[in-house]
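Below is one structure; the comments refer to it alone.
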Amino acid sequence: MHCSRWFGSTLPVLAAVVLLVGCAPAAPAPTIVPTAAPAAPKPTTAPAAAASPAASPAASPAASPAASAVAKPAASPSAVAAASVVPSPSAVAGAAPAAAASLKGVCPDTIVFQTNWWPEPDHGLMYQLVGPNGTMDTNKNTYSGPLSTTGVNVEIRAGGPAIGFQLVTAQMYQDDSILLGMLGTDEQIGSSDKQPTTAVLAWYEKNPQIFFWGNPDWNFTSVADIGNNGATVLAFSGAPYLDVMEGKGLLNKSQVDTSYTGDPARFVASDGNIVSQGFVTAEPYIYEHEVNGWMKPVKFLLLDKEVPIYQDTLAIRADKLESNRACLQRLIPLLQRAAVEYVKNPGAVNQVLVDYTAKIKGGTQISTAGAADAVQKMTSLGVVSNGADGVYGSYDTARVQALITDYSPVFASQGKTPKANLQPSDIFTNEFLDKSIKL
């Protein structure tokens, strides 16, 4: 598969460097060879700055100066010519979604979703909308097809390296064809002044971000336990959640090492006596089954309580909400049902992801077993679950207010001041949810 796969809203500075250098360990660490070709990791949280709507993608702070010269963002998928289009070989793996009411004339003829990384199970609800009979375009990095019998089509666009490490929010503001983008509450808060978005569906109820370690004698049950132990915490640079944890006294700044690039070499070299950031849908399986030199279980702490961000949430540009209200009223319940269907029976869509990532240019290869493990963890750990009100996909006002309180000062201190008097109602709405849909 790959040495590490990161999820969440956006991409720290080092991610662009990793795309260039791969996962080769830095001396004097031993050589660690994953069982499949390594790929750039997907970061977990939003960096402190993002491009303005007028800024070019190459100027996005998501890319490092060293990488910007060679890792230029791809053009909008709709603008790329000479596409290599192939039907999904998984077309016989399962049935298309059930018949649905017409969206013709209510929604765009093609509903475009912008994801935050290469195709992966964390995008499963969108792929479920299309089903296994869609078309893979390995030049545009898209998967598309009819949305059941609604009369409209769906196009799912890869993100991260596929769009030059552009922030999803910035991409949405540069490309008007995108209806919904996949981001996180932290990115929404940081972008709320210049590029506001409104979240309309909480695909993940719990943040699947983790800290993981290999020392069998460590039994951390909270981030405070890690702080008290003094263990080194290896993490990407520029992640606001680290500042929040340090500000609350959960971690000591001296124990946080932000030189992480996603390479497993240092973890293996330390014999697991280090705490690393990751995602529960990726690292535990990857380290146990795919990282040569380790190939055994790791322990992990789910950070849903200390970092209660809504990750991989679906959001629309705030200035497009009113004009698309009728569409969202019909579309969001379809997405709710697709999410429930996917986690209950992921086989057909997972096969699409396995086939697609085997063909995509520069993407991260997904294994059948790895995809199945990701969904199993989503459900068993409650990452995909009903909201506090019992409705699948809902947001909690108090939780979002707490995030605004915690993250606004961090962004402000780094020169990215959120909207003045930012309110939870600026960040999300539950109005389009079908309250009868539950897991």
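For the record, in the sequence shown the residue sitting at position 345 is 551 according to our numbering, with numbers rising by one throughout. Don't be surprised by glycine CBs; every beta carbon is placed ideally from N, CA and C.
- Span of the beta strand (DSSP E), counted from its first residue to its last, around Val203: Limits of the chain in this structure are 207 at one end and 645 at the other, which puts residue 203 out of reach.
- For the region 519-537 against the region 378-391, are there 3 or more C-beta pairs whose distance is under 8 Å? yes
- How is Glu361 classed by DSSP in three states: helix, strand or coil? Reading the sequence shown from its first residue, position 155 is the one you call residue 361. In the structure shown, Glu361 sits in a strand (DSSP, three-state: E or B).
- Item | Residue environment, Pro446, which counts as buried when at least 16 other CB atoms sit within 10 Å | As a working mapping, residue 446 is identified with position 240 in the sequence shown. Buried, by the Cβ-count rule.
- Per DSSP, what kind of secondary structure is Cys414 in: helix, strand or coil? Numbered from 1 along the sequence shown, position 208 holds the residue referred to as residue 414. A small fix is needed here, since residue 414 is Pro in this sequence, not Cys. Correct three-state label for Pro414: coil.
- Item | Under 8 Å between C-beta atoms of Val589 and Glu326 | If you number the sequence shown from 1, residue 589 lands on position 383. If you number the sequence shown from 1, residue 326 lands on position 120. No, they are not a contact pair.
- Task: From the DSSP output, in three-state form, read off Tyr562 for me.
- Result: Here residue 562 corresponds to residue number 356 of the sequence shown, with the count starting at 1. Reduced to three states, the DSSP call for Tyr562 is helix.
- Between Ile369 and Arg363, what straight-line distance do the alpha-carbon atoms span, to the nearest angstrom? Taking the first residue of the sequence shown as 1, we reach residue 369 at position 163. Taking the first residue of the sequence shown as 1, we reach residue 363 at position 157. Answer to the nearest angstrom: the Cα atoms are 9 Å apart.
- Message: List, from N- to C-terminal side, the alpha helix (DSSP H) runs of 4 residues or more that fit wholly inside the region 346-404.
- Response: 374-380, 391-396
- Under a Cβ-count criterion, where at least 16 other Cβ atoms within 10 Å of its own Cβ denotes burial, should Gln415 be classed as buried or exposed? If you number the sequence shown from 1, residue 415 lands on position 209. It counts as buried.
- Query: What are the residues that DSSP puts in a beta bridge with Asn592?
  - Reply: Within the sequence shown, residue 592 is the residue found at index 386, counting from 1. Answer is Tyr598.
- Query: From this set, Gln320, Thr348, Ser354, Phe418, which residue's C-alpha is nearest Thr375's C-alpha?
  - Reply: Residue numbering aside, residue 375 sits at position 169 when the sequence shown is read from its first letter. The candidate whose alpha carbon is nearest that of Thr375 is Gln320.
- Item | Cβ neighbours of Glu361 in the same chain (closer than 6 Å, five flanking residues each side left out) | On the sequence shown, residue 361 is found 155 positions in, with the first residue counted as 1. Excluding residues within five positions, the ones whose Cβ falls inside 6 Å are Thr316, Val318, Thr348, Ser350.
- Task: Starting from Gly468, follow its DSSP beta bridges and name the residues at the other end.
- Result: Stepping through the sequence shown from its first residue, residue 468 is reached at position 262. Gly468 is not bridged to any residue.
- Query: Near Leu609, which residues of its chain fall below 6 Å by C-beta distance, leaving aside the five closest residues on each side in sequence?
  - Reply: Along the sequence shown, read from residue 1 onward, the residue named residue 609 stands at position 403. Around Leu609: Thr391.
- Under a three-way DSSP split, which group does Phe442 fall into? The count along the sequence shown starts at 1 and reaches residue 442 at position 236. Coil.
- Task: Let me know the secondary structure DSSP gives Asp640 once reduced to three states.
- Result: The residue labelled residue 640 in the question sits at position 434 within the sequence shown. Note: Asp640 maps to coil in three-state DSSP.
- Query: Nearest to Asn627 by alpha carbon, out of Phe506, Ser614, Ser619?
  - Reply: Numbered from its first residue, the sequence shown carries residue 627 at position 421. It is Ser614.
- Contact check, Tyr548 vs Gly330, beta carbons under 8 Å: Indexing the sequence shown from 1 puts residue 548 at position 342. Indexing the sequence shown from 1 puts residue 330 at position 124. Yes.
- Query: When you compare only the Cα positions, how much space is there between Glu452 and Ala577?
  - Reply: Against the sequence shown, residue 452 aligns to sequence position 246. Against the sequence shown, residue 577 aligns to sequence position 371. One C-alpha to the other measures close to 34 Å.
- Task: Would you decide whether Met501 is buried or exposed? Buried here means 16 or more other CB atoms lie within 10 Å of its CB.
- Result: Here residue 501 is taken as the residue at index 295 of the sequence shown, counted from 1. With fewer than 16 Cβ atoms within 10 Å of its Cβ, Met501 is classed as exposed.
- Quick one: give me the first and last residue of the beta strand (DSSP E) that Thr341 is part of. Position 135 of the sequence shown, counting from 1, holds the residue named residue 341. Element bounds for Thr341: 341-343.
- Query: Expressed to the nearest angstrom, what Euclidean distance is found between the alpha-carbon atoms of Met378 and Asn359?
  - Reply: Along the sequence shown, one-based indexing puts residue 378 at 172. Along the sequence shown, one-based indexing puts residue 359 at 153. Straight-line Cα distance between these residues: approximately 19 Å.
- Thinking C-beta only, is Tyr493 closer than 8 Å to Val504? As a first step, residue 504 must be located in the sequence shown, where it is residue number 298. As a first step, residue 493 must be located in the sequence shown, where it is residue number 287. Taking 8 Å as the Cβ cut-off, Val504 and Tyr493 qualify as a contacting pair.
- Message: I need the straight-line Cα distance from Ser308 to Gly436, nearest angstrom please.
- Response: One-based indexing of the sequence shown puts residue 308 at position 102. One-based indexing of the sequence shown puts residue 436 at position 230. Those two C-alpha atoms are separated by around 57 Å.
- Item | CB of Asp612 within 8 Å of CB of Val450, strictly | If you number the sequence shown from 1, residue 612 lands on position 406. If you number the sequence shown from 1, residue 450 lands on position 244. Yes. Within cutoff.
- Cα-Cα separation between Gly484 and Asp463, rounded to whole angstroms: Residue mapping note: residue 484 aligns to position 278 of the sequence shown, counting from 1. Residue mapping note: residue 463 aligns to position 257 of the sequence shown, counting from 1. In a straight line, the C-alpha of Gly484 is about 14 Å away from that of Asp463.
- Item | Which of helix, strand or coil DSSP assigns to Val486 | Locating residue 486 in the sequence shown gives position 280, counting from the first residue. Three-state DSSP puts Val486 in coil, outside helix and strand.
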